[in-house]
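Shown next, in structure tokens, is the structure this report addresses.
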Amino acid sequence: MLFKLLGIFWDRGKDPDGSKDVTTGAVSDPGIEPRFPALQTDSLLFEPPAGRDTRSALGATMADGPVAEVLLRRLEAADGGLDSAELATELGVEHQSVVGAVKSLQALGQIIETELRSTKRWELTTEGEEIAQEGSHEARVFRSIPPEGLPQSELMRLPSGKVGFSKAMSNKWIRVDKSAADGPRVFRVVDSVEDEVQRRLQLVRGGQAEKLGEKERSELRKRKLLTEVTLKTYWVSKGSAFSTSISKQETELSPEMISSGSWRDRPFKPYNFSAHGVLPDSGHLHPLLKVRSQFRQIFLEMGFTEMPTDNYIESSFWNFDALFQPQQHPARDQHDTFFLRDPAQAQQLPMDYVHRVKRTHSQGGYGSQGYKYNWKLDEARKNLLRTHTTAASARALYRLAQKKPFTPAKYFSIDRVFRNETLDATHLAEFHQIEGVVADHGLTLGHLMGVLREFFTKLGITQLRFKPAYNPYTEPSMEIFSYHQGLKKWVEVGNSGIFRPEMLLPMGLPENVSVIAWGLSLERPTMIKYGINNIRELVGHKVNLQMVYDSPLCRLDAERGPPSTQEAA
Amino acid sequence: MPTVSVKRDLLFRALGRTYTDEEFDELCFEFGLELDEITSEKEIISKEQGNEKAHGASDVVLYKIDVPANRYDLLCLEGLVRGLQVFKERIKTPMYKRVMPKGEVQKLIITEETAKIRPYAVAAVLRNIKFTKDRYDSFIELQEKLHQNICRKRALVAIGTHDLDTLSGPFTYTAKKPSDIKFKPLNKSKEYTACELMNIYKTDNQLKHYLHIIENKPLYPVIYDSNGVVLSMPPIINGNHSKITVNTKNVFIECTGTDFTKAKIVLDVIVTMFSEYCENQFTVEAAEVVFPNGKLHTFPELAYRKEMVRADLINKKVGIRETPENLAKLLTRMCLKSEVIGDGNQIEVEIPPTRADIIHACDIIEDAAIAYGYNNIQMTLPKTYTIANQFPLNKLTELLRQDMAAAGFTEALTFALCSQEDIADKLGMDISATKAVHISNPKTAEFQVARTTLLPGLLKTLAANRKMPLPLKLFEISDIVIKDSSRDVGARNYRHLCAVYYNKNPGFEIIHGLLDRIMQLLDVPPGEKKGGYAIKASEETDLKKCHC
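These protein sequence lines map, in sequence, to chains A and B.
First residue of the first sequence? That's 3 in the working numbering, and the numbers climb one at a time after it.
First residue of the second sequence? That's 81 in the working numbering, and the numbers climb one at a time after it.
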């Protein structure tokens, strides 16, 4: 079974570095994943073979069998090694088929050793080839002129006429007599000529280009008669397991081999472990929601109960007033909060409680001076898209306060909130908030810090410190900072505090009950964890699905980075 | 959170010592401030307008310090220094005193016309003050900071400061028709009517933000002296006549507004901060304000309030064990002069006029904790015993999304807000049929409504990922919002599951198969019988029409 699986593994292997998938052209794999299209190379001759595709090497063994056999026999007799290009010339085959044979032998293990060499060589162009054969244009022009001369117009009609005429003129081989009766006439100046161009090209054709001077070669190149080509060839030598008798290697272990026992004598092709496997077809969870799951898990591990937060629409009362956030608070501005046109107002509010809230804001009470302003019910009725999940916490705490006698509670929520803010690379109009709340008798600031320490330890954050801060509904308030190893500085990771008595007592909670709470955004730790700089790539329809496909598990308490190779093995 | 920018060297001179940036950052952190940025005027200009413009600008080092939004007493250099020096026990917190002048007291008479537009006014005098360029700049800057924060961009309170020696009381605060108000405003060389001014300031980058406060009112607020000189037209602009300068000796301060409490706080903050530079330090000359009902009030209030807090309450709320004497000392370091009285467990705390943020014992407890040092508090775990429960809807969602992924579908996460077009027109529906909730103040069309279906978000996700290899199989399990008059707010969420299959061939059977799988997971049998499920053609939305 394992064999079968691994068979698939290397059958559909692809180049791990994403470079061109080089095959000998013998086999093309119809099963190649469309996600990673295999590019066909344009010219094998000029492309270093990667030799990674094991299956195609197998095909090559069959197709290039004779060449490979000859290569091995020659190599056995050779002193040291042989050159693939030379062998091709000797055998009178295309260099490409020798390369194919080399690659197939490479894939068999240590039969041969190869070294990639590149040599530069001068070759004749088609025109150069013709000149080497027929002579240069100027020589041909010269030869076509009889002793009595030739009318220039006639000469120009010859195939080499135009080029040959001007060259022969500048060589002073011929002259033009313009005074002739029937128009200009061309005469020989010398009796015979030496066709130097032809001679040089013939030298190059004979592989003796080095006998020409640099200047002569470049002149011929300018005339497009010569061209320099780079040839990549293999220098092939005997490998540690050199043998002239190679048999076809098996690629897959079959049930027949097992039942007949033939697998004992058959050579098996080694797996190509440097190839990438083929990713299974699968669905993927969204990275932000993977992180959400982990936070839920952490809260549940710590014994926190999830609050209902499935109400995006909230009244200003629950979103602000219940939290002792005054009605002139900047957060209640049109610039910061989305208000609703329809339904514009909350019709039902717990009026008893509303009156206590009103009194606390406008006159104080419960030991408070209050804010001393004219509190308006209409302002509290205004519907909005909740700006924080603390609105849901307020509802939960109000429900808790109605239960007599009081029972301690630990609550959490993770859900969307909305802000009518200026948008940038890290701010959207909606984001997720994580909130934790503990209500019990006699909770202290030390307890809040203790709970935060446990919570953040589960996130893999151990170095914490706390900064005094201001929140309208908590007092004392603390911003939570953690030391960031990468940035080498303290960064804010959350906000926390003890809910104000002006918020809790009007709800009906007993006086000696304290409620500690903290909150953070879900997006920020996710962006840090997955290395995302633009929030739009993470949240919303512009998400990069490839990123979703590729994102690893969310293990908040685990070190980042790949596991060591030993673990992998 | 307001940011105050102060010159570093000036700050260190006032603090009587220098700090490294790190040391000062540390001090801020401990005190609840944040050293946000270290910069200079030159750097700021070059960042905003390019290097060329910055040429010749000052390169004096500036500290930009974030101050908690309720600490109006820390919005200027003077306040910051005083707060930190008291915190470090280098000075004692000053006693602010209101005194009656030897001669006639300055009077501000409020007429009843102001009632409908801006009914409150308070006033005070800073006598024999000595400005320098830096002090003067700080004085102006503090007013601006107050305007932006507690004054809610001048809507609640507006401040006017005047050179008293150019004026002659008593002053009248009234409201008049804009066409009847005519004066030479600050930094202008000629007189304009209020109507003309409102037009001129429409293009003024700073003042245009305040025009809306009075623009459409029949009467505009205005303050005159006894000779009919206009002091100011709050909350827009002061008169040029009484403009203060570095050489001003006596400053008349008026604050007008719609929130009496805040107007009094603002006045208290200004005079406590800058009476430091008066001949009689921390002494403020009173002014009398006559309300339309004839009642006479004396300002600034500069009220000191005594609060009793039990030491064991502080210890219990913070989680420390300090003696009452130590706690009193800690509070005193926060400008809250405290002493142990009575049975030795009571602490009497004096709340100075600078600390309007202290409205409850919990505020005092916080200050004790800050002075103790948050990071010196022993962390402990509460013994709260609870059994955790998941919210059933979320529990089901979590289970289902795992199996949706196992079925080969990839999870999308799309916006809850969108345009009307997205949920109606593009799906061939009428907006009224969607029962969507509508946002009253969207900045762009993307935020007109809350979605009533998850489909548009998924289709947009497909559109944004067209370069990806096919097929694309996406799902989302999230909330949509529908109007519902039975709910207290008139709307409710519904949790929806939506999935799309995108390929070159339609593959309805694939989505159908997914539905069958979901029903299998939810243990719902197929069939028309009760408790079963069946698919029926829908007339409501014809997706064929909206194929892209």
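Heads up, the beta-carbon is just placed ideally off N, CA and C, and yes, glycines get one too.
Fair warning: this is a prediction, and the values are worked out from it, not measured in the lab.
For residue 435 (chain B), no CB of chain A lies under 9 Å from its own CB, so it is not counted at the interface with that chain. Distance from the Cα of residue 513 (chain A) is smallest, within the candidate group A:543, A:480, A:459 and A:445, for A:445. Counting only residues of its own chain and dropping the five nearest sequence neighbours on each side, residue 167 (chain A) has a CB closer than 6 Å to the CB of 143.
Below the 7 Å Cβ cutoff, chain B contributes 521 and 523 as neighbours of residue 422 (chain A), in chain order. Here residue 575 (chain B) really is in contact with residue 477 (chain B); their C-beta atoms are around 7 Å apart, less than 8 Å.
Not a single CB atom of chain B sits nearer than 9 Å to the CB of residue 381 (chain A).
Going by DSSP, residue 231 (chain B) is part of no alpha helix (DSSP H) at all; its letter is neither H nor E. The secondary-structure analysis by DSSP pairs residue 572 (chain B) across a beta bridge with B:562. For the region 431-462 of chain B, residues whose beta-carbon sits nearer than 7 Å to a beta-carbon of chain A comprise 439, 440, 441, 442, 443, 445, 446, 449, 450, 454, 455, 457, 458, 459, 460, 461 and 462. Within the region 570-594 of chain B, contact with chain A at the beta-carbon level (separation under 9 Å) is assigned to 570, 571, 572, 573, 574 and 575. If you ignore the 5 residues before and after residue 464 (chain A), its C-beta comes within less than 6 Å of no other C-beta in its own chain. A distance below 9 Å separates the beta carbons of residue 216 (chain B) and residue 326 (chain B). Under the Cβ criterion of 9 Å, residue 428 (chain A) is not counted among the residues facing chain B. By the neighbour-count criterion, in which 16 or more other beta carbons inside 10 Å mark a residue as buried, residue 376 (chain B) falls on the exposed side. DSSP places residue 167 (chain A) in the helix class (H, G or I) of the three-state scheme.
Distance check between residue 499 (chain A) and each of A:447, A:525 and A:537 places A:447 closest, using alpha-carbon atoms only.
For residue 335 (chain B), the enclosing beta strand (DSSP E) has its first and last residue at 331-337.
Residue nearest to residue 377 (chain A) within the set A:328, A:397 and A:354 is A:328 (criterion: CA-CA distance). Here residue 170 (chain B) has no same chain residue with a Cβ atom under 6 Å from its own Cβ, once five neighbours each way along the sequence are excluded.
Between residue 522 (chain A) and residue 496 (chain A) a beta carbon distance of about 4 Å is seen, short of the 8 Å cut, so the two are scored as contacting. Leaving aside the five residues that flank residue 306 (chain A) on each side, the residues in its chain whose CB is nearer than 7 Å to its CB run, in chain order, 412, 413, 414 and 438. A Cβ of chain A is located within less than 9 Å of the beta carbon of residue 474 (chain B). When B:399, B:409 and B:123 are compared, the shortest CA-CA separation from residue 461 (chain B) is found for B:399. At a beta-carbon threshold of 7 Å, the residues of chain B lying near residue 370 (chain A) are 439 and 440, ordered along the chain. Contact annotation for residue 478 (chain B) against chain A: 295 and 298 [CB-CB distance below 8 Å, chain order]. In the three-state reduction of the DSSP assignment, residue 414 (chain B) falls in the coil class, being assigned neither a helical nor a strand state. When the Cα atoms are used, residue 494 (chain A) and residue 451 (chain B) turn out to be separated by approximately 21 Å.
Ranking B:551, B:339, B:328 and B:274 by CA distance to the CA of residue 312 (chain B) puts B:274 first. When the Cα atoms are used, residue 463 (chain B) and residue 331 (chain A) turn out to be separated by approximately 36 Å. Residue 249 (chain B) and residue 318 (chain B) do not touch by the CB rule: their CB atoms are close to 17 Å apart, not below 8 Å. Annotation for residue 101 (chain B): 118 place their beta carbon closer than 7 Å to its own, counting only its chain and skipping 5 residues before and after. Closest by C-alpha distance to residue 395 (chain B), out of B:445, B:141, B:267 and B:152, is B:445. Using a Cβ-Cβ cut-off of 8 Å, residue 491 (chain B) is close to 285, 286, 287, 288, 291 and 550 of chain A, given in chain order.
For residue 423 (chain B), the secondary structure class from DSSP, reduced to helix, strand or coil, is coil.
For residue 484 (chain A) and residue 437 (chain B), the gap between their C-alpha atoms comes out near 28 Å. Annotated three-state conformation of residue 111 (chain A) is coil, per DSSP.
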